[in-house]
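Student: Heads up, the sequence shown is in our numbering, so the first residue is 1275 and it goes up one at a time.
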Amino acid sequence: MSQTSGPGALVLAGFEGTEPDSEELRALEALGVGGYIVFGRNVESPAQVHALLDSIRARAEGRPLLLAVDQEGGRVARLRAPLTEWPPMAQLGDTRDEALAREVGAGIARELQALGFNLDFAPVLDIRYPKTTDAIGDRSLGPDPSSVAKLGRALIEGIQGQGVLACAKHFPGHGHVTADSHYELPCCRLKPDELHQSDLVPFREAIFAGVGAIMTAHVVYEEVDPKNPATLSYSILTDLLRLKLGFEGVIFTDDLGMGAISETGGIGQAAVRSVRAGADGLLVCRHLDAVREVVDHLNEACDQDPSFAARCGQSRAKLVDAAQSFPARPQPVEALATTLGTPAHQELAVRASAAVASGGPSPDPTTYDTKRT
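1. Are H1444 and D1528 close, meaning C-beta to C-beta below 8 Å?
2. Within this structure, are the beta carbons of I1430 and A1480 separated by less than 8 Å?
3. Just the Cα atoms here: how many angstroms apart are A1487 and A1301?
4. How should G1336 be labelled, buried or exposed, when 16 other C-beta atoms within 10 angstroms of its C-beta is the threshold for buried?
5. Quick check: L1340 and L1572, are their CB atoms within less than 8 Å of each other?
6. Where do the N-terminal and C-terminal ends of the beta strand (DSSP E) with E1346 fall, by residue?
7. Within its chain, find whatever has a CB closer than 6 Å to the CB of A1428; leave out the 5 residues flanking it on each side and keep chain order.
8. In terms of DSSP beta bridges, what is T1490 paired with?
9. Could you tell me the distance, in whole angstroms, from the CA atom of E1621 to the CA atom of A1355?
10. Hey, would you say V1317 sits closer than 8 Å to L1386, going by beta carbons?
11. Between the alpha carbons of D1554 and P1503, how many angstroms are there, rounded?
12. Tell me whether F1526 sits in a helix, a strand or coil according to DSSP, three-state version.
13. Is any non-hydrogen atom of the ligand PLP found closer than 7 Å to the C-beta of I1311, if you look at the structure I gave you?
14. Can you give me the C-alpha to C-alpha distance between G1542 and V1569, rounded to a whole angstrom?
15. CB-CB under 6 Å to A1287, same chain, minus the five flanking residues each way: which ones, in chain order?
16. Beta strand (DSSP E) containing A1287: first to last residue?
17. May I ask which residues mark the beginning and end of the beta strand (DSSP E) holding L1556?
18. Under a three-way DSSP split, which group does G1634 fall into?
19. Using only the alpha-carbon positions, how far apart do G1282 and Q1598 sit?
20. Output the distance between the C-alpha atoms of A1409 and G1533, rounded to the nearest integer angstrom.
21. So, helix, strand or coil for T1647, using DSSP?
22. Could you work out which residue in A1545, R1603, W1360 and D1577 is closest to A1618 when comparing CA atoms only?
23. Express the C-alpha separation of A1388 and L1614 in angstroms, rounding to a whole number.
24. In the DSSP assignment, find the unbroken beta strand (DSSP E) run with G1309 in it and report its ends.
25. From D1499, L1515, V1493 and E1496, pick the residue whose C-alpha is nearest to that of V1475; which is it?
26. In this structure, how does DSSP classify P1503 when only helix, strand and coil are distinguished?
27. Which residues in the same chain have their Cβ closer than 7 Å to the Cβ of D1499, if we skip the five residues on either side of it in sequence?
28. What residue range does the alpha helix (DSSP H) around A1417 cover?
29. In terms of residue numbering, what span does the alpha helix (DSSP H) encompassing V1546 cover?
30. Starting from P1604, trace the alpha helix (DSSP H) both ways and give me its first and last residue.
31. What are the start and end residues of the alpha helix (DSSP H) that includes N1573?
32. Grab the span of the alpha helix (DSSP H) containing E1372 for me, first residue to last.
33. Please go through the same chain and pick out, in chain order, the residues whose beta-carbon is closer than 6 Å to the beta-carbon of P1639, but skip the five residues on each side of it.
34. Contact defined as beta carbons within less than 8 Å: I believe A1383 pairs with I1433. What is the distance between those atoms, to the nearest angstrom?
35. Going straight from the alpha carbon of G1291 to that of R1315, what length do you get?
36. Quick one: what does DSSP say A1628 is sitting in, helix, strand or coil?
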């Protein structure tokens, strides 16, 4: 089995630096990863990001790749000015304007596509309750499940309508937890019927809208699976998301290097458990050694268990299909100014924050760093 057709293709890797020909990127390519996620640490300018992604695609020699970023708006936006500075989603939520949300989604996607991205880890569909963790806070579209569902659907339609794969997150919902999964493992004690009436409402709507990808939550839902966080839970990823809700797209894990998962064992073990649970794409957002550990464990599990190897093959096929369905279509670098931060997009951003400007509900004021979210 070649590396490019092996289980390493399930990994979307983060990396250090801004240079397209770094030793780390060469090593990740040799491991056969299926794509990359870009963070602020990889960004100097639009032209540099355009060249970085162009180089990565060229060295893939036609192999479909997913080139991803978190571009939600507000504090979780890896690409800043001269791109449009979109407001936090809490402000868009305050407008309750679905047509505006669809336009904002399309505007975000146009800018990403111009640079060469084909996957946006957005929108956040977690509901914001009074005690919701600050890790979500103003990233949420609001406190009402129905409104979050409608606005989330509109954002998805806008993003995917412009040729960028949208990824709804964090399934089945962070709204009822107070702990931050970047550092510890949160627990949710809602009963299944309560989940269906609240946190799951936006995800059901996203599935009806044809969202192409959903990201898992590193949260234990004690009344569904008391032993495993959603990312590692067959009951949640397969029984609930695949079978009960009928989702047929790509299931991505949140970053397997986060504290909530490190509490459950090593990252390599977590990767294998997640695939067994039903995940397709594995995010490993820092450290080449972590990617190597994940790929080594996946290869070992494939060698020992033909059914696991077949399961990896199914996930790889889903990832390839997603990359082919949403191919990167970057603009010529000299034309970027016609798309990035345009007056039309700036006007959209102002309209999306109009409820706050006019004295409407205030967003969560917390700030957040650039860790994987």
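Quick reminder that beta carbons are idealized off the backbone N, C-alpha and C, glycines included. All figures in this text were calculated on a predicted structure; none of them were measured in a lab.
Tutor: In brief:
1. Against the sequence shown, residue 1444 aligns to sequence position 170. Against the sequence shown, residue 1528 aligns to sequence position 254. Contact: yes.
2. Here the question's residue 1430 lines up with position 156 in the sequence shown. Here the question's residue 1480 lines up with position 206 in the sequence shown. Yes, the pair counts as a contact, with Cβ atoms nearer than the cut-off.
3. Your numbering for residue 1487 matches position 213 in the sequence shown. Your numbering for residue 1301 matches position 27 in the sequence shown. Answer to the nearest angstrom: the Cα atoms are 27 Å apart.
4. As a first step, residue 1336 is located in the sequence shown; it is residue number 62 there, counting from the start. It counts as exposed.
5. The residue labelled residue 1340 in the question sits at position 66 within the sequence shown. The residue labelled residue 1572 in the question sits at position 298 within the sequence shown. The answer is no: Cβ separation not under 8 Å.
6. Taking the sequence shown and counting its residues from 1, the one referred to as residue 1346 is at position 72. That run of the beta strand (DSSP E) goes Q1345 to G1347.
7. Against the sequence shown, residue 1428 aligns to sequence position 154. Counting only Cβ-Cβ distances below 6 Å, and skipping sequence neighbours, we find E1372, A1375 and R1376.
8. Counting from 1 along the sequence shown, the entry for residue 1490 is found at position 216. DSSP links T1490 through a beta bridge to F1445.
9. Position 347 of the sequence shown, counted from the start, is the residue given in the question as residue 1621. Position 81 of the sequence shown, counted from the start, is the residue given in the question as residue 1355. Whole-angstrom Cα-Cα distance: 15 Å.
10. Numbered from its first residue, the sequence shown carries residue 1317 at position 43. Numbered from its first residue, the sequence shown carries residue 1386 at position 112. Not closer than 8 Å, so no.
11. Stepping through the sequence shown from its first residue, residue 1554 is reached at position 280. Stepping through the sequence shown from its first residue, residue 1503 is reached at position 229. Take the alpha-carbon of D1554 and the one of P1503: they are about 16 Å apart.
12. What you label residue 1526 is simply residue 252 of the sequence shown in a count that begins at 1. DSSP places F1526 in strand when its eight states are reduced to three.
13. This structure does not include the ligand PLP; it has no bound ligands of any sort.
14. Counted from its first residue, the sequence shown places residue 1542 at position 268. Counted from its first residue, the sequence shown places residue 1569 at position 295. Computed Cα separation, rounded: 7 Å.
15. Here residue 1287 corresponds to residue number 13 of the sequence shown, with the count starting at 1. Hits under 6 Å: L1302, V1307, Y1310, V1558 and V1565.
16. To locate residue 1287, count along the sequence shown from 1; it is residue 13. Segment V1285 to A1287, the beta strand (DSSP E) holding A1287.
17. Working through the sequence shown from its first residue, we reach residue 1556 at position 282. Here the beta strand (DSSP E) through L1556 covers L1556 to V1558.
18. In the sequence shown, the residue the question calls residue 1634 occupies position 360. Interpretation of G1634 is limited by its pLDDT of 49, a score under 50 that renders its predicted location unreliable; the figure taken from the coordinates is listed afterwards. Coil.
19. For the purposes of this step, residue 1282 is taken as residue 8 along the sequence shown, with counting starting at 1. For the purposes of this step, residue 1598 is taken as residue 324 along the sequence shown, with counting starting at 1. The alpha-carbon atoms of G1282 and Q1598 are separated by roughly 18 Å.
20. Locating residue 1409 in the sequence shown gives position 135, where the first residue counts as 1. Locating residue 1533 in the sequence shown gives position 259, where the first residue counts as 1. Distance between the alpha carbons of A1409 and G1533 is about 13 Å.
21. Numbered from its first residue, the sequence shown carries residue 1647 at position 373. For T1647, the predicted structure reports a pLDDT of 44, less than 50, and the residue's modelled location is therefore unreliable. A value from the coordinates is still provided. Looking at T1647 - three-state DSSP - the assignment turns out to be coil, as it is neither helix nor strand.
22. Translated into positions along the sequence shown, residue 1618 becomes position 344. Per the Cα distances, W1360.
23. What you label residue 1614 is simply residue 340 of the sequence shown in a count that begins at 1. What you label residue 1388 is simply residue 114 of the sequence shown in a count that begins at 1. Cα to Cα, L1614 sits roughly 8 Å from A1388.
24. Locating residue 1309 in the sequence shown gives position 35, where the first residue counts as 1. Counting along the chain, the beta strand (DSSP E) containing G1309 begins and ends at G1309 to V1312.
25. As a position in the sequence shown, residue 1475 is number 201, starting the count at 1. Of the candidates D1499, L1515, V1493 and E1496, the one whose C-alpha sits nearest the C-alpha of V1475 is L1515.
26. Looking up residue 1503 in the sequence shown gives position 229. Strand, per DSSP.
27. The residue given as residue 1499 occupies position 225 in the sequence shown. Only S1507, S1509 and I1510 meet the Cβ criterion.
28. In the sequence shown, the residue the question calls residue 1417 occupies position 143. First, the residue type needs correcting, since residue 1417 is Pro and not Ala in the sequence shown. Looking at the DSSP string, P1417 is not in any alpha helix (DSSP H), and its letter there is neither H nor E.
29. Numbered from 1 along the sequence shown, position 272 holds the residue referred to as residue 1546. Its alpha helix (DSSP H) spans residues I1541 to A1551.
30. Position 330 of the sequence shown holds residue 1604. Neither: P1604 is in no alpha helix (DSSP H) and is coded neither H nor E.
31. The count along the sequence shown starts at 1 and reaches residue 1573 at position 299. Element bounds for N1573: L1562 to Q1578.
32. Working through the sequence shown from its first residue, we reach residue 1372 at position 98. Its alpha helix (DSSP H) spans residues E1372 to L1389.
33. Taking the sequence shown and counting its residues from 1, one reaches residue 1639 at position 365. Because P1639 carries a pLDDT of 40, less than 50, the predicted location of this residue cannot be relied on, and the following value inherits that uncertainty. No residues qualify anywhere along the chain.
34. Position 109 of the sequence shown, counting from 1, holds the residue named residue 1383. Position 159 of the sequence shown, counting from 1, holds the residue named residue 1433. Confirmed, about 4 Å.
35. Numbered from 1 along the sequence shown, position 17 holds the residue referred to as residue 1291. Numbered from 1 along the sequence shown, position 41 holds the residue referred to as residue 1315. Rounded to the nearest angstrom, the two C-alpha atoms are 6 Å apart.
36. Counting from one through the sequence shown, the residue named residue 1628 turns up at place 354. Note: A1628 maps to helix in three-state DSSP.
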